[in-house]
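Per our numbering, the sequence shown starts with residue 182, numbered consecutively.
Take a look at the structure below.
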Amino acid sequence: MKPREETGRYRIYFRIPFSIYFLCYDMTLRKYVLMRKVWNEEWCHYMWKKI
């Protein structure tokens with residue numbers, strides 16, 4: 182499966198339907214984790230936060 186987006190540590194695959202969570206792969210831990218986008222007012226853009 183091709184990642185939707187890739188950051189330095191995470192590969193974001195897809196959003197879980199009817200929720201705010203995304204299925205992501207943590208390349209450091211080598212496990213799948215749930216994440217969500219959080220607005221950062223200091224930098225004025227969205228950041229990924231692990232659940």
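Every residue, glycine too, gets a C-beta built ideally from N, C-alpha and C.
Everything numeric in this text was worked out from a predicted model, so none of it was measured.
Residue Y191 holds the alpha-carbon nearest to the alpha-carbon of M208 among W224, Y191 and M182.
If you check the CB distance, Y227 and M216 do not come in under 9 Å. The beta carbon of R185 sits closer than 7 Å to those of I193, Y194 and F195, all from its chain and outside the five residues before and after it, given in chain order.
Rounded to whole angstroms, the separation of the alpha carbons of P198 and I232 is 17 Å.
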